[in-house]
Amino acid sequence: MNFELTEEQLMVQGLAREFARQEVAPVAAYYDQTAEFPHPIVKKARELGLINLTVPREYGGAGLSVFDSNLIMEEIAWACTGIATALGINNLASDPIVLAGTEAQKKRYLGRLADGGFAAYAVTEPEAGSDVAAIRTRAVRDGRGWKITGTKIWISNAWEAEFFVVFAKTDPQAGHRGISAFIVERDWGVKVTRKLPKLGQRASDACEVVFDEVPVPPENLLGPEGEGFKLAMQVFDRSRPMIGAFGVGIIQRCLDECVRYATQRQAFGRPIADFQGVGFKIAEMGMRAHAARLLTYDAAWKVSSGRRNSLEAAYAKA
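Now the structure itself:
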C-alpha cells in the first residue's frame, strides 16, 4: 500500500484545512458552550461540497471514498470535533441506503440530503450499542406494512433529522438474523424527546428518540428482511475509520498547540522546547499521532478498496 496522497487528494485536504482554520476554529468555542447546531457553518460546508461526502454524485453527493472523506473529517476535527460530527453524520446515515437501498430509496432519500436535509442513524439503545444483536426495538407487521416500537439513545443529529435509518427486531427468536433496517420519516410519529447532556462535542446534538407503534410502509424496509445486523456491521466498517479520523484531528491539534507553546515560552533565556524533558514529550506525542493516522489510513484504505477491514476499523476507532 502507498499512502502518499495524490494531487487531487492534497487539493481536497487543503480545501478542508482552510475551511477548518478560517471558518470552524474561530467559532468552535461558541458552539461548544451554547450547544447550538452550527447551521451557518453547515451552510458554508455545503457551498464548498464538504458534506454528504460519501453519497454518490448521481444522487447529489460528493462521491468520495471513505479514505478521501476521512482526509476532510480529520481537518475539520482539528478545529472542532462537534462540528465535524454535525457534518459527518449524514455520511453515517446515508451509508446503509447506499449499500442496501433500492433505486427508488436512493433517489428519494439521498436526494433530500443533497437538497439540504439531515438524517440520523438509529441503532444505539439504553442497553445496546456496538452490540447490535442486543437491541430491543421491535418492528411488527400489520396489514399495511410495519409498526416500530422502541427507544433509541445517543442518536447524533436527531434533533435536526428529517428521517432516520432504524434497526429493529422483526423476529426476536432469530437472534442477530432477526434484525431488519428501515427508513423512517420523522413526521410519521417519531418523537425526539430530549437532547442528552455531553461533556464535549456539543455542536452536534445526541438525543433520545422514541418510536411508539410508528407506521412504516413496506417499501421502506431497507435491504432484505433479517439482514439488518449484516448491514449494520458493513456500516460500522465504513464509519469507524471516521471516528479514528476525528481522534487524529484532536491529537494533531494538541501536538500543534504544544509545539507552539513550547517554542514561545521562555525559561532561562531560551524556549522550553530546547530542553530535553520537553522535547521527549513532544516527540512521543508526534509518534502517537503518526501511528494513529496510519491506523486510520489503513482501515479507510481497505474499505475504500473493497477489502474486509473490520479488525482495522476497530483499531482505528479505539
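Residue numbers 741 to 1058, in this note's numbering, belong to the letters of the sequence shown in order. Glycine included, each C-beta is placed from N, C-alpha and C at the ideal position.
Apart from the five residues on each side of it in sequence, which residues of its chain come closer than 7 Å, Cβ to Cβ, to I1012?
Looking up residue 1012 in the sequence shown gives position 272. Same-chain partners within the cutoff: A1002, R1005, V1018.
Give the DSSP-derived three-state secondary structure of F759 in the structure shown.
For the purposes of this step, residue 759 is taken as residue 19 along the sequence shown, with counting starting at 1. In the structure shown, F759 sits in a helix (DSSP, three-state: H, G or I).
Is the separation between the beta-carbon of A1032 and that of V988 shorter than 8 Å?
Numbered from 1 along the sequence shown, position 292 holds the residue referred to as residue 1032. Numbered from 1 along the sequence shown, position 248 holds the residue referred to as residue 988. Their beta carbons are under 8 Å apart, which means A1032 touches V988 by this criterion.
Looking only at C-alpha atoms, which of W899, A868, A1053, E867 sits nearest to R980?
Here residue 980 is taken as the residue at index 240 of the sequence shown, counted from 1. When only C-alpha atoms are compared, the closest one is A1053.
Quick check: the Cα distance between A921 and N742, rounded to an integer number of angstroms?
Mapped onto the sequence shown, residue 921 falls at position 181. Mapped onto the sequence shown, residue 742 falls at position 2. Rounded to whole angstroms, A921 to N742 spans 36 Å at the Cα level.
Tell me whether L1035 is buried or exposed, calling it buried when 16 or more other Cβ atoms sit within 10 Å of its Cβ.
Your numbering for residue 1035 matches position 295 in the sequence shown. L1035 is buried by the Cβ-count criterion.
Given a threshold of 16 other Cβ atoms within 10 Å of its Cβ, counted over all protein chains shown, does E900 qualify as buried or as exposed?
Taking the first residue of the sequence shown as 1, we reach residue 900 at position 160. That one is buried.
Roughly how many whole angstroms lie between the Cα atoms of E1066 and R884?
Past the edges of the chain, shown from 741 to 1058, lies residue 1066, and the structure says nothing about it.
For R978, does the count of other Cβ atoms within 10 angstroms reach 16, so buried, or fall short, so exposed?
As a working mapping, residue 978 is identified with position 238 in the sequence shown. Buried is the call here.
Work out the CA separation of R1048 and R878 for me, nearest whole Å.
One-based indexing of the sequence shown puts residue 878 at position 138. One-based indexing of the sequence shown puts residue 1048 at position 308. For R878 and R1048, the distance between alpha carbons rounds to 30 Å.
Note down, one range per segment and in chain order, each beta strand (DSSP E) of at least 3 residues found wholly within the stretch 904-980.
Secondary structure in the stretch 904-980: the beta strand (DSSP E) runs of 3 residues or longer, each lying completely within the stretch, are 919-925, 931-935, 946-956 in chain order.
Residue closest to N831, alpha-carbon to alpha-carbon, out of R942, I812, E997, R1010:
As a working mapping, residue 831 is identified with position 91 in the sequence shown. Ranking the options by Cα distance to N831, first place goes to I812.
Reduced DSSP secondary structure (H/G/I, E/B, other) of P766:
The count along the sequence shown starts at 1 and reaches residue 766 at position 26. In this structure, P766 counts as helix in the three-state DSSP scheme.
Which complete beta strand (DSSP E) runs does the stretch 789-874 hold, if anything under 3 residues is left out?
The stretch 789-874 contains these whole beta strand (DSSP E) runs: 859-862.
In chain order, what residues of the same chain lie with their CB nearer than 7 Å to the CB of A985, ignoring the 5 residues before and after it?
Taking the first residue of the sequence shown as position 1, residue 985 is located at position 245. N810, M813, E814, A817, T1036.
Sort out for me which residues DSSP pairs K778 with in a bridge.
On the sequence shown, position 38 is the one that residue 778 refers to. Position check: residue 778 holds Pro in this sequence, whereas Lys was assumed. Note: P778 sits in no beta bridge, so no partner.
Using C-beta distances below 6 Å, list every residue in its chain close to F904, excluding the 5 sequence neighbours before and after it, in chain order.
Along the sequence shown, read from residue 1 onward, the residue named residue 904 stands at position 164. Contacts found: A860, A862, V924.
Outcome for F907 when other beta-carbon atoms lying within 10 angstroms are tallied against a minimum of 16:
To locate residue 907, count along the sequence shown from 1; it is residue 167. The residue is buried, with at least 16 neighbouring Cβ atoms inside 10 Å.
Kindly list the residues whose CB is nearer than 7 Å to the CB of L790, restricted to its own chain and excluding five residues on each side of it in sequence; keep chain order.
In the sequence shown, counting from the first residue as 1, residue 790 sits at position 50. Counting only Cβ-Cβ distances below 7 Å, and skipping sequence neighbours, we find A756, F759, I812, L827.
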